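Asks: Heads up: the sequence lines are chains A and B, in that order. Residue 173 in the working numbering sits at position 161 of the first sequence, with consecutive numbering throughout. Residue 234 in the working numbering sits at position 222 of the second sequence, with consecutive numbering throughout. Quick reminder that beta carbons are idealized off the backbone N, C-alpha and C, glycines included. Note that the structure is a prediction, hence the values are computed from the model and not measured. Structure in structure tokens, see below.
Number of protein chains: 2
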Amino acid sequence: MAEPLLSSLPAPGARSASLADVAHLAGVSTGTVSRTLSRPDMISEPTRLRVMDAVERLGYVPNGAARALSMRRTLTVGAIVPRFGSSSFPAMVQALETTLAAAGYTLLLSAPDPRPSYETSILRALLERGVDAVALLGAEQPQQVFAMLAANRTPFVTMWAPPEAGVHCVGFDEYAAAALVVDHLADHGHRRIGYIGGRTADSERARRRLRDLSLAIAKRGLTLCDDALAETEHGFQEGFDAMNTIAQRQPAITAVVCGSDYLAAGALAALDQAGIEVPRRLSVASFNDNDFAAFLHPPLTSVRLPIREIGEQAGERLLAQLRGLDAPVARALPVTLMQRSSTGPVPD
Amino acid sequence: MAEPLLSSLPAPGARSASLADVAHLAGVSTGTVSRTLSRPDMISEPTRLRVMDAVERLGYVPNGAARALSMRRTLTVGAIVPRFGSSSFPAMVQALETTLAAAGYTLLLSAPDPRPSYETSILRALLERGVDAVALLGAEQPQQVFAMLAANRTPFVTMWAPPEAGVHCVGFDEYAAAALVVDHLADHGHRRIGYIGGRTADSERARRRLRDLSLAIAKRGLTLCDDALAETEHGFQEGFDAMNTIAQRQPAITAVVCGSDYLAAGALAALDQAGIEVPRRLSVASFNDNDFAAFLHPPLTSVRLPIREIGEQAGERLLAQLRGLDAPVARALPVTLMQRSSTGPVPD
DNA sequence: TTGTATGCGTTATCAA
DNA sequence: TTGATAACGCATACAA
């Protein structure tokens, strides 16, 4: 029905303008145009003006592929982001993007679906696109990924992921986070607690989280109750279902720890629906990876994970490598306890 | 401390292998190698094997920049995503990514910060990178953006954004969504209602949302109360604050409509903290853009917006254009009412 | 300060 | 089926 949008700006039947076109129109050489755009200070005022005018009139946009081919770099950083839509990754990515953008780099995102070892084909796509560096977001990366990166001499950093030996890695102290939650609960008199977290079979991070929690619990002489343990994907629905499953078993617990905001939200909804009052009959604590745990009803005690900070620091690590300062660093950021609630003392 | 990961795969002090290297090792021409990789069926078996072997041994990865330069396309689609971290965009992006990936395209994401007209520089970066098409996610795009796209003959689609005349656009029927909420509330006897939504000064979408809601409200003979109206950014904190502000005025309303999940979550937290029972004293309804409104406490009535579907359809529109079938289409997806709660009847 | 010419790694055209 | 070779658009070393 409607005509295609053809504003009359570009020459009616041609492809977009090139350096040569600009040079021609301005009556100079391509080299001069190139320099005018990249280092204007090396060009005389009158020439510069003529060139800029031609650029303007032609609506010239440089061809990045040609530039990349010539310069052997793309000013692009690739990021591999599993489970893009959920949890804390968006915030991490945004922080990363901002940090890199400040240095002139653009972020190229890829979200692999969970097919096993699909990461390598994603990584391959990134490498073919000539990314100058790669950020690995909290994924379980097959060893082959690191091999490919090494083979291509591509700088990279892992974010919120198990630190590999000698690899740039930015995360936080997982044990400290677990201890923070456990100490808080113990201080309020809780002895027997449950846990809803990620699948330990699928994720090294989930394994560490559970392990650290167990350690912290043992250290304080508490009990992690087997019948109040659930492993699931991350999400509202999943937290809801997991909490229902646990509640059916009527375990003898007074507190539940949730691995993420989404799980906590789902769990709280399930408890509410089941008429189990929080925190009077059951306290809920969580690892807050999304800055919204604080707004859940009822307010929960949560450990704020430094998500945004991870993104920033990872960006800086990447930039350091791109500048040639690439001593591998594993950096652990501090965690803090956000206590907005009257986490219940043990009920009678 | 640790040695850098240098597996012995690549030649110790060289840059990565090129077609020529592979050709040399396999004893064929570069043309043959190129064809072997792109159309193996046109190559004799023995040659093919020799080439593949060389590829393997050198760990050859094609140079995308060179390919793009030669082929004049990148198999890349750019997306401009405002307010990356919040609300419904991640789900939309993921759906878009999946749809495009199935057709061999990669998505290149850019998240402009809210600086005005920053979009044009973002778009410029995308165009320089040679994206074959662009997806505009629900942003207010300055007219200049469309001009740039037209000048570059770059296919594009707007998602969940005001339809521009003659432009590919995928959204949903905003008025129908508003009417769904209003009818539901009216059917439960509510007469006077409030609204927490986006800033109408900043966003055409917010303006339409408010306008449609007003229309639907008028049509049912209800009243949208001025003193129960709040405009704000989207987010938990913002919804929390807005609800508090409204509550202080003690408006004579029995229901509040929230523009998004995040706002609704914040509003519910505020009501809870203020001791205002939902839905006994105040009903809350929302536009559910994130599939989690249903899990909020207490459950709310919400209109599910077809976020994922927008992403899918937008991807398909883009692909259609890339294949040359580019009759502009404005597509409106249906909306549905999710009623999980006992949206309160009017209290006494 | 400006112009010339070469290389970047592919794809594609045209012969062989 | 394969090989040589010309684009592709830009940056840059070298000349002027």
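1) Apply the 10 Å Cβ neighbour rule to B/GLY116 and answer buried if 16 or more other Cβ atoms are within range, or exposed otherwise.
2) At 3 residues or longer, what runs of the beta strand (DSSP E) sit wholly inside the segment 269 to 304 of chain A?
3) Helix, strand or coil: how does DSSP classify B/LEU49 here?
4) Along the chain, where does the alpha helix (DSSP H) containing A/SER215 start, and where does it finish?
5) Judging by CA-CA distance, which residue of A/GLY278, A/HIS202, A/PRO94 is the nearest neighbour of A/ALA151?
6) Within the continuous alpha helix (DSSP H) that includes A/LEU364, where are the two ends?
7) DSSP three-state label for B/ILE55, please.
8) At which residues does the beta strand (DSSP E) containing A/ALA240 begin and terminate?
9) If the criterion is Cβ atoms closer than 9 angstroms, does the pair A/ALA173 and A/ARG320 meet it?
10) Going along the chain, which residues of the segment 164 to 188 of chain B sit with their C-beta nearer than 9 angstroms to a C-beta in chain A?
11) Mapping DSSP to helix, strand and coil, what is A/ARG79?
12) Please report how far the alpha carbon of B/ARG11 lies from the alpha carbon of B/VAL290, in whole angstroms.
13) In the DSSP assignment, the beta strand (DSSP E) including B/ARG316 goes from what residue to what residue?
14) Quick one: what does DSSP say A/THR110 is sitting in, helix, strand or coil?
15) Any contact of the segment 128 to 138 of chain B with the segment 176 to 194 of chain B, i.e. 3+ C-beta pairs under 8 angstroms?
16) Closest to B/SER28 by C-alpha separation, out of A/LEU149, A/ARG85, A/MET64, would be which residue?
17) Distance check for A/ASP301 and A/ARG217, CA to CA, integer angstroms please.
18) Just the chain B side, please: which residues come within less than 9 angstroms of A/ASN75 by C-beta, in chain order?
19) Is there a C-beta anywhere in chain B that falls below 9 angstroms from the one on A/SER298?
20) Distance, Cα to Cα, A/GLY247 vs A/ALA281?
21) Establish whether the CB of A/ALA123 and some CB of chain B are separated by less than 9 angstroms.
22) In three-state terms, what does DSSP make of A/PRO22?
23) My understanding is that A/ALA297 touches A/LEU317, with C-beta atoms under 8 angstroms, so please give their C-beta distance in whole angstroms.
24) B/GLY327 to A/LEU225, Cα distance in whole Å?
25) Relative to the C-alpha of B/ASP144, which residue among B/THR257, B/ALA189, B/ALA91, B/MET171 is closest?
26) Note down the Cα distance separating B/ASP238 from B/ALA264, rounded to an integer number of angstroms.
27) Quick one, are the C-beta atoms of B/ALA286 and B/ASN256 less than 9 angstroms apart?
28) Listing by chain order, which chain A residues have their CB less than 7 angstroms from the CB of B/GLY71?
29) Short check: CB of B/GLY183 to CB of B/LEU275, under 9 angstroms?
30) Using a C-beta cutoff of 9 angstroms, does A/ARG292 count as contacting chain B?
31) Express the C-alpha separation of B/VAL146 and B/THR166 in angstroms, rounding to a whole number.
32) If you drop the 5 nearest sequence neighbours on each side, which residues of the same chain put their C-beta closer than 8 angstroms to that of B/MET64?
33) Whole angstroms are fine: how far does the CA of B/LEU81 sit from the CA of A/SER82?
34) Between A/SER215, A/ALA230, A/ARG211, A/PRO154, which lies nearest to A/TYR187 when the distance is taken from Cα to Cα?
35) List the residues that DSSP assigns as beta-bridge partners of A/THR132.
36) Per DSSP, what are the beta-bridge partners of B/GLY375 in this structure?
Replies: Short version:
1) For the purposes of this step, residue 116 of chain B is taken as the residue at position 104 of the second sequence. Answer is exposed; the Cβ neighbour count stays below 16.
2) Counting only runs that start and end inside the segment 269 to 304 of chain A, the beta strand (DSSP E) elements of at least 3 residues fall at 295 to 300.
3) One-based indexing of the second sequence puts residue 49 of chain B at position 37. In this structure, B/LEU49 counts as helix in the three-state DSSP scheme.
4) As a first step, residue 215 of chain A must be located in the first sequence, where it is residue number 203. Neither: A/SER215 is in no alpha helix (DSSP H) and is coded neither H nor E.
5) As a position in the first sequence, residue 151 of chain A is number 139, starting the count at 1. Cα-wise, what sits closest to A/ALA151 is A/PRO94.
6) The structure shown does not extend to residue 364 of chain A, since chain A spans only 13 to 360, so no value can be given for it.
7) Residue 55 of chain B sits at position 43 when you count from the first residue of the second sequence. Of the three classes helix, strand and coil, the one that applies to B/ILE55 here is coil, per DSSP.
8) Numbered from its first residue, the first sequence carries residue 240 of chain A at position 228. DSSP places A/ALA240 in the uninterrupted beta strand (DSSP E) bounded by 235 to 243.
9) For the purposes of this step, residue 173 of chain A is taken as residue 161 along the first sequence, with counting starting at 1. For the purposes of this step, residue 320 of chain A is taken as residue 308 along the first sequence, with counting starting at 1. Their beta carbons are not under 9 angstroms apart, which means A/ALA173 does not touch A/ARG320 by this criterion.
10) ASN164, ARG165, GLU176, ALA177, GLY178, VAL179
11) To locate residue 79 of chain A, count along the first sequence from 1; it is residue 67. Correct three-state label for A/ARG79: helix.
12) Only positions 13 to 360 of chain B appear in the structure, and residue 11 of chain B is not among them; the question remains open.
13) Taking the second sequence and counting its residues from 1, the one referred to as residue 316 of chain B is at position 304. Counting along the chain, the beta strand (DSSP E) containing B/ARG316 begins and ends at 313 to 316.
14) The residue given as residue 110 of chain A occupies position 98 in the first sequence. Helix.
15) no
16) By 1-based counting over the second sequence, the position of residue 28 of chain B is 16. With distances taken between Cα atoms, B/SER28 lies closest to A/ARG85.
17) Here residue 217 of chain A corresponds to residue number 205 of the first sequence, with the count starting at 1. Here residue 301 of chain A corresponds to residue number 289 of the first sequence, with the count starting at 1. Going from the Cα of A/ARG217 to the Cα of A/ASP301 covers about 14 angstroms.
18) Within the first sequence, the letter at position 63 stands for residue 75 of chain A. Chain B residues near A/ASN75: ALA80, LEU81, GLU140, GLY142.
19) Within the first sequence, numbered from 1, the residue matching residue 298 of chain A stands at position 286. Chain B, which has no Cβ nearer than 9 angstroms to the Cβ of A/SER298, makes this no.
20) Along the first sequence, one-based indexing puts residue 247 of chain A at 235. Along the first sequence, one-based indexing puts residue 281 of chain A at 269. Their Cα atoms are separated by approximately 12 angstroms.
21) Along the first sequence, read from residue 1 onward, the residue named residue 123 of chain A stands at position 111. Yes, because at least one Cβ of chain B sits closer than 9 angstroms to the Cβ of A/ALA123.
22) If you number the first sequence from 1, residue 22 of chain A lands on position 10. Low local confidence applies: a pLDDT of 43 at A/PRO22 is under 50, so the model's placement there is unreliable, with the coordinate-based value given in what follows. Here A/PRO22 sits in coil by DSSP.
23) If you number the first sequence from 1, residue 297 of chain A lands on position 285. If you number the first sequence from 1, residue 317 of chain A lands on position 305. Actually they do not touch by this definition, with Cβ atoms about 13 angstroms apart.
24) Here residue 327 of chain B is taken as the residue at index 315 of the second sequence, counted from 1. Here residue 225 of chain A is taken as the residue at index 213 of the first sequence, counted from 1. For B/GLY327 and A/LEU225, the distance between alpha carbons rounds to 43 angstroms.
25) Within the second sequence, the letter at position 132 stands for residue 144 of chain B. With distances taken between Cα atoms, B/ASP144 lies closest to B/ALA91.
26) Within the second sequence, the letter at position 226 stands for residue 238 of chain B. Within the second sequence, the letter at position 252 stands for residue 264 of chain B. For B/ASP238 and B/ALA264, the distance between alpha carbons rounds to 10 angstroms.
27) Stepping through the second sequence from its first residue, residue 286 of chain B is reached at position 274. Stepping through the second sequence from its first residue, residue 256 of chain B is reached at position 244. Result yes, Cβ atoms of B/ALA286 and B/ASN256 sit closer than 9 angstroms.
28) Numbered from 1 along the second sequence, position 59 holds the residue referred to as residue 71 of chain B. Simply ALA163.
29) For this step, residue 183 of chain B is matched to residue 171 along the second sequence. For this step, residue 275 of chain B is matched to residue 263 along the second sequence. Inclusion of B/GLY183 and B/LEU275 in the CB contact set at 9 angstroms is not warranted, their separation being larger than that value.
30) Reading the first sequence from its first residue, position 280 is the one you call residue 292 of chain A. Taking Cβ atoms only, chain B never reaches closer than 9 angstroms to A/ARG292, which makes this a no.
31) Here residue 166 of chain B refers to the residue found at position 154 when the second sequence is read from its first residue. Here residue 146 of chain B refers to the residue found at position 134 when the second sequence is read from its first residue. Cα-Cα distance, rounded: 7 angstroms.
32) As a working mapping, residue 64 of chain B is identified with position 52 in the second sequence. Excluding sequence neighbours, B/MET64 sits near THR48.
33) Translated into positions along the first sequence, residue 82 of chain A becomes position 70. Translated into positions along the second sequence, residue 81 of chain B becomes position 69. Each residue's alpha carbon lies about 11 angstroms from the other.
34) Counted from its first residue, the first sequence places residue 187 of chain A at position 175. Cα-wise, what sits closest to A/TYR187 is A/ALA230.
35) If you number the first sequence from 1, residue 132 of chain A lands on position 120. Answer by DSSP bridge pairing: none, since A/THR132 is not bridged.
36) Nothing about residue 375 of chain B can be read from this structure; chain B reaches only from 13 to 360.
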